[in-house]
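Read the structure below first, then the notes.
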Amino acid sequence: MTAAADAPARPRRRRFDLDRTLNTLAAWVLALMWILPLAFAIWTAIHPSAYEARFELLAPLTFENFEKAWGAAPFARYFLNTFMLVTLILAGQFLLCTLAAYAFARFTFPGRSILFTLVLLQLLVMPDILIVENYKTMRILGLVDTIPAIALPYIASGFGIFLLRQTFMTVPRELDEAARIEGSSILGILWRVYIPLAKPTYLAYGLVSVSHHWNNFLWPLIVTNSVDTRPVTVGLSVFSAIDSGIEWSVINAATLMTSGPLLIAFLLFQRQFVQSFMRAGIK
Amino acid sequence: MTTATGRTRVPMLIRSREWVHAWLLLLPALFFLFAFTHVPAVMTLWNSFHSTPRGRRPARFIGLDNYERMMGDPIFWKVLGNNLWFAFGTIPLSIGIAIVMALWVNDRLAGRGFVRMAYFTPTVLPLIAVANIWLFFYTPGFGLIDQVGSALFGWPQTNWLGDPSTALNAVIVVTVWKEAGFFMIFYLAALQAIPPSLVEAAKIEGAGRWTIFWRITFPLMMPTTLFVSINAVINSFRLVDHIFILTNGGPDNASSLLLFHIYETAFKYWETGYGATLTVAMLAILCALAIGQFFFFDRRVHYK
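Taken in sequence, the protein lines are chains A and B.
Number 211 in my numbering belongs to position 211 of the first sequence; there are no gaps in the numbering.
To convert, take the position in the second sequence, counting from 1, and add 283; that gives my numbering.
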C-alpha cells in the first residue's frame, strides 16, 4: 500500500517535499487520534481487568471479558432480535419503496407533485421525533413490546423512495416500452427491467438502512421492555447501566461485541461501504 | 360529433387506468407514511392544545395553556439553549474537519487506506457503543484523557461529564468524532467529481494550494455543503442516544437536549400533552432552520 502510494510521486520530483510531508504527518496524527478511543476499548477488552489503565506491551491477552459479558446478559437473544428487526425493516422498505418509486418515476397522475412533496417532508419530520404519538398508536394497536412495533414507523422511508425514484428515472424508456410490447405487465416490467438495473442502488440503500437500524436506540428503548424484543443497542444500555461494579473491561467487551458484526462487515467490505454511502448521498 | 367524443374517450380510459395503477403502487407506502409520519405530526399539533389524559379523566381542550407553560418553563429554555449551543458547536466543527479529512484522503498520501478507515470507522459504530467507549475515556482520574493530561501537563483530575461547565462540550466532542467521518464521504464524492483540468489550469496559472481551495474546490462543493449542513442540523436535534449513557442530561440539565427533554417529559413523567407541545416547538424550529439554510445557501450554491 505504502509503496504503491509513493510510486507516482517519485519520478516527478526526487527532492524532499515539505508541504507534502507535513500534510501526510498531520493526516496521520488525526487518523491516530480518531482511532484512539476504539483502540483503547479494544485494548481493555482483550486484557485482564488489572491492565485497564496500565499499558504494557506484553500484558497477557485474554478472551475472558467477552465470555463474562456474554454470560452476564442475554446477548444471544438481543442479537437475534436485532437481526429480525433489521431484516423486517429492509424487506418492508425494499417492497414499499420500490413500488412507490416506480409510480413516481414513470406514471403521470393527479396529485403526483403534492404526494411527492409529502414523501420528501419525511426527511425533515421523521418518525424519530414523533415518539409520543407513535407510542400511542402502538398501544392502540396492541403492539407495544413487539419487534414489528419497532419496525413499522420506518418501513415507508421517504429517503428510500426518493433514492429509488432517482435511479428508476435513469432507466431508458425504450427498454420499458419494448417490454410492454412483449406483453409484460406493469409489475413484470418493474421486476425484469427496473429492479435489475437498480441493483447498485439497492446495495447502497441496504447497507445504509441496515447500519442505521442496527444502531438505532431511542425508539426501540421506548417501545420495548423485555428481553424477548430488545435489540442489542437497548440491551447494551441496560447492561452497562447496572452500576453494581461491572468491570470496565467487561463493559468494553460487550460494547465491541454489539458493534462487532457491523465493524467486521465494514472492514471486509470497506470499499463497498464507502461507495454506498457516497451513492446514497449524491442523489 | 360522436367520433370526436369517442376519440377523446379512449385516451381518457387509458389515462385513468394509468392513474389507478399509479395509486395502487403508491398505496402501501403512503399508508405507512401517513400512519406513522403525517397523521402523528398533525395529532401532535392537535394534542398540544389539550391536557394530558389521566386515568378516567380524558384529555380536554385547554387552548394555549401548554404553550404558556412552555414559555414560562426555565428547563425548556435551558434545554433549547443547550441544543442551539450543541448545534453551533457540532455543525461547523464536524463540517470543517470533514473537508480537511476529505482533502487528505483524496490526496495520494502514504497509507491512505488506513487513514480513510480510521476516519470512517466511528460512523459504523452505534452511538450507544460510542458513548460507552467515551464514558470510559472521560472517567475522572482513571480514563485516558485524565491519565494523559496529568502525565504530560500535570493537569488535576477533572470530571468532564460531571461538571455543568464542561458536560455539554464533552458531549459535543463525542458527536464531532462520530459525525466527521460520515460527512467526509460526501465531500470525497464531491472532490472526485471536480474535473482535474480545472485544478491543472489553476496550477499552470501559478495558483497556490490555498487559492485553489478557496477559489475552485470550495465553491464547487457548495451543493454538498448544503446537503451536509441540512443533515447536520437535523442530526443535532435528532441524535440524543449518547446522552442516555454519558450524562443522562445532567448535571442539572446542563447537557440535556430538546429531544431528550421530550423523552423525559413524555415517558418519565408521562405528561404527553406537554410532550406534544414540546414536539411542536421542535418541529417548528427544524422547519425554520431548514428553510433558512436553503435561502442562505441559495445565492451561494453554484451548480455545474
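Each residue gets a CB set at the ideal place from its N, CA and C atoms; glycine is no exception.
Remember, predicted model here, so these are calculated numbers, not experimental data.
With a CB to CB cut of under 8 Å and the five nearest residues on each side skipped, what residues in its chain are close to residue i?
i, result
"TYR402/B", "MET384, VAL388, ALA463, GLY464 and MET467"
"ILE297/B", "none"
"PRO323/B", "none"
"ASP524/B", "PRO409, LEU410, ILE411 and ALA414"
"THR562/B", "THR327, SER331 and ILE545"
Please list, in chain order, the chain B residues whose beta carbon lies closer than 9 Å to that of residue i.
i, result
"ALA72/A", "Residues of chain B passing the Cβ test: none, with the nearest at roughly 15 Å."
"LEU152/A", "PHE315, ALA318 and PHE319"
"ILE122/A", "The sequence given here has Gln at residue 122/A, not Ile. LEU316, THR320 and HIS321, listed in chain order."
"ALA41/A", "ALA412, ASN415, ILE416, PHE419 and PHE420"
"PHE266/A", "MET400, PHE403, THR404, THR406 and VAL407"
Below 8 Å between beta carbons: does that hold for residue i and residue j?
i, j, result
"ILE499/B", "VAL511/B", "no"
"VAL413/B", "SER538/B", "no"
"THR233/A", "PRO409/B", "yes"
"VAL223/A", "ASP128/A", "no"
"PHE192/A", "ALA204/A", "In the sequence as presented, Phe is not what sits at residue 192/A; that position holds Arg. It is not a contact, given that the beta carbons lie outside the stated cut-off."
"ASN252/A", "ALA59/A", "no"
"ALA100/A", "ALA318/B", "no"
"LEU308/B", "ALA103/A", "yes"
"THR62/A", "ILE416/B", "no"
"SER249/A", "ILE528/B", "no"
"GLU554/B", "THR335/B", "yes"
"PRO405/B", "ASP535/B", "no"
Who are the near neighbours of residue i in its chain, counting only those whose CB is closer than 7 Å to its CB and skipping five residues on each side?
i, result
"GLY92/A", "ALA151 and ILE155"
"PHE266/A", "PHE273"
"ILE513/B", "ALA573 and GLN576"
"TRP214/A", "THR82, VAL86 and LEU262"
"TYR470/B", "ALA381, ILE382, ALA385, MET504 and THR507"
"GLN440/B", "PRO423, GLY424 and ASP429"
"SER276/A", "LEU203, ALA204, LEU207 and VAL208"
"PHE520/B", "ASN366, LEU541, LEU542, MET565 and LEU569"
List the residues of chain B that residue i touches, going by C-beta distances under 7 Å, in chain order.
i, result
"ILE305/A", "Shown here, chain A extends from 1 to 283; a query on residue 305/A therefore has no answer."
"MET126/A", "ARG521"
"THR258/A", "PRO409 and ALA412"
"SER211/A", "VAL407"
"ILE368/A", "In the structure as shown, chain A starts at 1 and stops at 283, and residue 368/A therefore has no counterpart that could be examined."
Quick one: what's residue i bridged to in DSSP?
i, result
"ARG337/B", "ARG340/B"
For residue i, return the contacting residues in chain B, with the cut-off set at a CB-CB distance below 8 Å.
i, result
"MET84/A", "In chain order: nothing, as chain B lies at least about 17 Å away."
"LEU115/A", "LEU309 and LEU313"
"ILE222/A", "TYR546 and PHE550"
"TYR202/A", "Those do not exist, as TYR202/A stays about 16 Å from chain B at its closest Cβ, beyond 8 Å."
"ILE251/A", "ASN415 and PHE419"
Along chain A, in chain order, which residues have C-beta atoms closer than 8 Å to that of residue i?
i, result
"PRO479/B", "Within 8 Å Cβ-Cβ: nothing; PRO479/B doesn't reach chain A, min ~14 Å."
"TRP460/B", "TRP34 and PRO37"
"LEU435/B", "Under the 8 Å cutoff, chain A gives no residues; its nearest Cβ is about 14 Å from LEU435/B."
"THR327/B", "LEU130, VAL132 and GLU133"
"GLY558/B", "VAL132"
"THR555/B", "VAL132 and LYS136"
Closer than 9 Å by beta-carbon distance: list the chain A residues that pair up with residue i, in chain order.
i, result
"THR562/B", "ILE129, LEU130, ILE131, VAL132 and GLU133"
"GLU301/B", "PHE107, THR108 and PHE109"
"LEU623/B", "Residue 623/B lies beyond the stretch modelled for chain B, which goes from 284 to 587, so this question has no answer here."
"TYR350/B", "Chain A residues near TYR350/B: none, gap ~16 Å exceeds 9 Å."
"ILE517/B", "LEU123, LEU124 and MET126"
"MET565/B", "ILE129"
Report all residues from its chain with a CB closer than 6 Å to the CB of residue i; omit the five preceding and five following residues, and keep chain order.
i, result
"THR530/B", "LEU444, ALA450 and SER538"
"ARG106/A", "none"
"MET565/B", "LEU541"
"GLY235/A", "TYR78"
Regarding residue i and the ligand SAM, is the C-beta to nearest heavy atom distance less than 7 Å?
i, result
"LEU410/B", "Inclusion of the ligand SAM in the displayed structure is not the case, the ligand content being empty and no account of it being possible."
What does residue i touch in chain A if you count any residue whose Cβ is under 7 Å from its own?
i, result
"ASP356/B", "The contacting residues do not exist; ASP356/B stays about 17 Å from chain A at best."
"TRP398/B", "Rather than Trp, the amino acid found at residue 398/B in this sequence is Val. Within 7 Å Cβ-Cβ: ALA27, TRP28 and ALA31."
"LEU392/B", "ALA5, ASN23, THR24 and ALA27"
"TRP387/B", "ASN23 and ALA27"
"ALA453/B", "Chain A residues near ALA453/B: none, gap ~13 Å exceeds 7 Å."
"LEU509/B", "Here the premise fails: no neighbours, minimum Cβ distance about 12 Å."
Taking 8 Å as the CB-CB limit, is residue i close to chain C?
i, result
"ALA342/B", "The structure shown has no chain C; the protein chains it does contain are A and B."
Worksheet item: Taking only runs of the alpha helix (DSSP H) that begin and end inside the stretch 92-127 of chain A, which ones reach a length of at least 4 residues, in chain order?
Response: Runs found: 112-121.
Practice prompt. Taking only runs that begin and end inside the stretch 462-545 of chain B, name each unbroken alpha helix (DSSP H) of 4 or more residues, in chain order.
Written response: DSSP runs (the alpha helix (DSSP H)) wholly in the stretch 462-545 of chain B: 479-487, 492-495, 505-521 and 524-529.
Item to complete: Scan the stretch 150-189 of chain A and note each continuous alpha helix (DSSP H) run of 4 residues or more that stays entirely inside, going in chain order.
Response: The stretch 150-189 of chain A contains these whole alpha helix (DSSP H) runs: 158-169, 173-181 and 186-189.
Discussion item. I'd like the ranges of any alpha helix (DSSP H) spanning at least 4 consecutive residues and lying wholly in the stretch 385-419 of chain B.
Written reply: Entirely contained in the stretch 385-419 of chain B, the alpha helix (DSSP H) runs reaching 4 residues are, in chain order, 395-407.
Practice prompt. Note down, one range per segment and in chain order, each alpha helix (DSSP H) of at least 4 residues found wholly within the stretch 190-235 of chain A.
Written response: Entirely contained in the stretch 190-235 of chain A, the alpha helix (DSSP H) runs reaching 4 residues are, in chain order, 199-215 and 218-223.
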